[in-house]
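Residue numbers (our numbering), protein chains in the order written: chain A, 747 to 1097; chain B, 747 to 1097. Working notes for the structure below.
Number of protein chains: 2
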Amino acid sequence: MDGQTGLNVAVVGATGAVGQQMIETLVKRDFPIKKLVLLSSARSAGKVVTVNGKEHVVQEAKPESFEGIDIALFSAGGSVSKELAPEAAKRGAIVIDNTSAFRMDQEVPLVVPEVNEEDVHTHKGIIANPNCSTIQMVVALEPVRKKFGLKKIIVSTYQAVSGAGAAAIEELKEETRAILAGEAYEPKVLPVKGADRHYQIAFNAIPQIDKFEDNGFTFEELKMINETKKIMHDQSLQVAATCVRLPVETGHSESVYFEIESEGVTANDIKELLKDAPGVVLQDDPANQVYPMPADCVGKQDVFVGRIRRDLDNEKGFHMWVVSDNLLKGAAWNSVQIAESLVRLGVVGQK
Amino acid sequence: MDGQTGLNVAVVGATGAVGQQMIETLVKRDFPIKKLVLLSSARSAGKVVTVNGKEHVVQEAKPESFEGIDIALFSAGGSVSKELAPEAAKRGAIVIDNTSAFRMDQEVPLVVPEVNEEDVHTHKGIIANPNCSTIQMVVALEPVRKKFGLKKIIVSTYQAVSGAGAAAIEELKEETRAILAGEAYEPKVLPVKGADRHYQIAFNAIPQIDKFEDNGFTFEELKMINETKKIMHDQSLQVAATCVRLPVETGHSESVYFEIESEGVTANDIKELLKDAPGVVLQDDPANQVYPMPADCVGKQDVFVGRIRRDLDNEKGFHMWVVSDNLLKGAAWNSVQIAESLVRLGVVGQK
Chain A
747 MDGQTGLNVA VVGATGAVGQ QMIETLVKRD FPIKKLVLLS SARSAGKVVT VNGKEHVVQE
807 AKPESFEGID IALFSAGGSV SKELAPEAAK RGAIVIDNTS AFRMDQEVPL VVPEVNEEDV
867 HTHKGIIANP NCSTIQMVVA LEPVRKKFGL KKIIVSTYQA VSGAGAAAIE ELKEETRAIL
927 AGEAYEPKVL PVKGADRHYQ IAFNAIPQID KFEDNGFTFE ELKMINETKK IMHDQSLQVA
987 ATCVRLPVET GHSESVYFEI ESEGVTANDI KELLKDAPGV VLQDDPANQV YPMPADCVGK
1047 QDVFVGRIRR DLDNEKGFHM WVVSDNLLKG AAWNSVQIAE SLVRLGVVGQ K
Chain B
747 MDGQTGLNVA VVGATGAVGQ QMIETLVKRD FPIKKLVLLS SARSAGKVVT VNGKEHVVQE
807 AKPESFEGID IALFSAGGSV SKELAPEAAK RGAIVIDNTS AFRMDQEVPL VVPEVNEEDV
867 HTHKGIIANP NCSTIQMVVA LEPVRKKFGL KKIIVSTYQA VSGAGAAAIE ELKEETRAIL
927 AGEAYEPKVL PVKGADRHYQ IAFNAIPQID KFEDNGFTFE ELKMINETKK IMHDQSLQVA
987 ATCVRLPVET GHSESVYFEI ESEGVTANDI KELLKDAPGV VLQDDPANQV YPMPADCVGK
1047 QDVFVGRIRR DLDNEKGFHM WVVSDNLLKG AAWNSVQIAE SLVRLGVVGQ K
């Protein structure tokens, strides 16, 4: 890193949970970096982060920080992205934004490389990284959509607390410890930081992620619904979601029901298809109790799929169970993958 | 209890988690008991259980134990029920069986009093208590079925470990403690006692409850599918289920999608209906973050329903979130309710 050739890369939110994973993933993938610039809020500026044996001082992110930057990975919250992503783009950087700030903006491609890599060509300076729970679902469903057509999705999620940030992880651990010791604990973070009410997550399940819309759905559920249609370029696709937070540190799981267009497709056909699908690892052997679980997916980049079976009433309906590390494929890895797509497709040129 | 008038009641499996709840519920409901007989396996026989201030020595359950018994509540495992329930019935007792041994037997009514109380009249000595996850779902859906017709159900469950017995509760606690302390822990109980493989439940989600069938569904899922049709007397009802075990001690949650027959029904219509439905408590006020959660339902007899909203694509489709104490409405309370129905409908007469 910081090599003679390569790209100038900025990471905004470098000290956060996802930012750290982004840096680690860039290193692990040996991404061609000429200069690495680590940025954060004023509060975290000055911290020293060691990358590949070299110390980097984290600087406060300002519009000028993006002069000469080729790719800027943003993961510092929606308000930071709204303010600084256009500034970075104005200065010639391509922003890969991990917040929800621009995802539904018609000018901004929303990209999961296994699904719609070519959409990076349409960027106008900003590319959005989808919501974590959306990404793993579309990776698992895109091969099905392409081969058999996709009509309807009904998903119920089982989401880890790390999606709500480092404070939520701390809350889960401290609260669990307190409950086991018979001590009181006052929740302050979950389900939504800054909301009026906070609830126990330890040994519980909270059917709220993000705030509620007037139609009774949460923003998280609407993200899954709207982002899926945008990524798959199909506004007629029917999508419904129920999003639930669990006492799991990392790894989102999803119970996915889907209906296809083709007739006569068997569960084995779906399994055969997903066995060789990009980014997917099939773990589906009920006889030997093989299926994906969040505890097994942590630190892995893949989307794990199992429990594939045909509905007993609808021969075009299928059920499956999809698990992935929400901080990697759900965030950092998908962002770095988009950066790799930009290089491979020649959208950014190495200097 | 042990009053001058009333019924002779036996509890089989009196020392187990559900058996204890059955006894407590009988006391709490002031059920008219003349004589209470506590029975168990040979292993637990001789234990002393105090009921309403009076000590009862638990006896080994044998065919002769049921002489003179009016109602026998069974919760000691399927093999005990298979062996002894017919013996009890032969001796004139009405068995209320909490195992899966007789649920799908055509001669045996499967009863949730809020739904099909009248079915107790058809008993031939044995009445079955449905699976815990089935009960709470049908209590929430029966008012909808009666008023608007019910066509299809797709449910994903979030089930507590207490459904797998006291050893599973112990495993969840010990394993959680070990993981927080950074110690190793070897799972021995979950997902299925006696299965080849056991998996970590702490900070995890296991998409297996009970064993697998050849069609890829688990027995637990098939129980929900088949029992729902039988209880609602509708074999044409489409039901699909995905059952998942969570690190929750008590309280099952369910993400339920359902399609009705009637047109023009709104989410508010469903809420109005469930507000006054028997056995249901509506907790549905998203603006104030009011929805059911397992941590809040423990020790309560009701079925809690919230997050009711209409599907965005199908105007006859709705989503809701259903939570109940799996040991109470899911087991002990429903069994005692059946006993109360037997009395109220005059199927058994007090002596």
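Don't be surprised by glycine CBs; every beta carbon is placed ideally from N, CA and C. Computed from a predicted model, the values in this text were never measured in an experiment.
Spanning the alpha carbons of residue 938(A) and residue 955(A) requires a straight line of approximately 7 Å. Within chain B, the residues placing a beta-carbon under 7 Å from that of residue 971(A) are 1058, ordered along the chain. Distances from the CA of residue 1079(A) to each of 876(A), 1010(A), 816(A), 951(A) were compared; the closest alpha carbon is that of 876(A). In summary, the residues of the region 939-961 of chain A whose CB is separated from some CB of chain B by less than 8 Å are 941, 942, 943, 945, 946, 949, 950, 951, 952, 953, 954, 958, 961, in the order they occur in the chain. Proximity of the region 905-916 of chain B to the region 882-893 of chain B falls short of the contact definition, fewer than three beta-carbon pairs being nearer than 8 Å.
For residue 943(B), there is no enclosing beta strand (DSSP E), since its DSSP letter is neither H nor E.
Annotation for residue 773(A): the continuous alpha helix (DSSP H) segment containing it runs 763-774.
Going by beta carbons, residue 1022(A) and residue 1053(A) fall outside the 8 Å limit. No Cβ of chain B is located within less than 8 Å of the beta carbon of residue 1073(A). Taking the C-beta atoms as reference points, residue 899(B) is found no nearer than 8 Å to residue 1026(B). Of the residues 752(A), 1093(A), 758(A), the one whose Cα lies closest to the Cα of residue 829(A) is 758(A). In the three-state scheme derived from DSSP, where H, G and I count as helix and E and B as strand, residue 926(A) is classed as helix. Taking a beta-carbon distance threshold of 8 Å, residue 926(A) counts as an interface residue toward chain B. For residue 806(A), DSSP records a beta bridge to 786(A). Listed by position along chain B, the residues whose Cβ is nearer than 7 Å to that of residue 1032(A) are 958, 962. Sequence-distant Cβ neighbours of residue 1024(B) in its own chain, meaning closer than 7 Å and more than five residues away, are 860.
Within the DSSP secondary-structure output, residue 987(B) pairs in a beta bridge with 901(B). A Cβ of chain B is located within less than 8 Å of the beta carbon of residue 1013(A). When C-beta distances to chain A are compared with 7 Å, the residues of the region 979-990 of chain B below that value are 984, 986, 988, 990, in chain order. In the DSSP assignment, residue 1054(B) falls within the beta strand (DSSP E) that extends over 1049-1056. For the pair of segments examined, the region 918-932 of chain A was found not to touch the region 1036-1049 of chain A: the number of CB pairs separated by less than 8 Å stays below three.
Contact with chain A is absent for residue 935(B), since none of that chain's Cβ atoms lies less than 8 Å from the residue's Cβ. Under the Cβ criterion of 8 Å, residue 1035(A) is counted among the residues facing chain B. For residue 815(B), no CB of chain A lies under 8 Å from its own CB, so it is not counted at the interface with that chain.
Between the region 790-800 of chain A and the region 749-756 of chain B there are fewer than three inter-stretch CB-CB distances shorter than 8 Å, so the stretches are not counted as touching. Judged by DSSP in its simplified three-state form, residue 909(B) adopts helix. Beta bridge pairing from DSSP links residue 996(A) with no other residue. Inclusion of residue 971(B) and residue 1058(A) in the CB contact set at 8 Å is warranted, their separation being smaller than that value. In this structure, residue 822(A) lies away from residue 806(A), with their beta-carbon atoms at least 8 Å apart.
Nearest neighbour of residue 963(B) by Cα position, chosen from 992(A), 1064(A), 911(A), 1086(A), turns out to be 1064(A). DSSP, reduced to helix, strand and coil, places residue 865(A) within a helical segment of the structure shown.
By the rule that beta-carbons nearer than 8 Å mark a contact, residue 919(B) touches chain A. Around the beta carbon of residue 818(A), 16 or more other beta carbons lie within 10 angstroms, which makes this residue buried. Closest by C-alpha distance to residue 855(A), out of 874(A), 843(A), 840(A), is 874(A). Not one beta carbon of chain B lies nearer than 8 Å to the beta carbon of residue 811(A). DSSP lists 900(B), 1065(B) as the bridge partner or partners of residue 1003(B).
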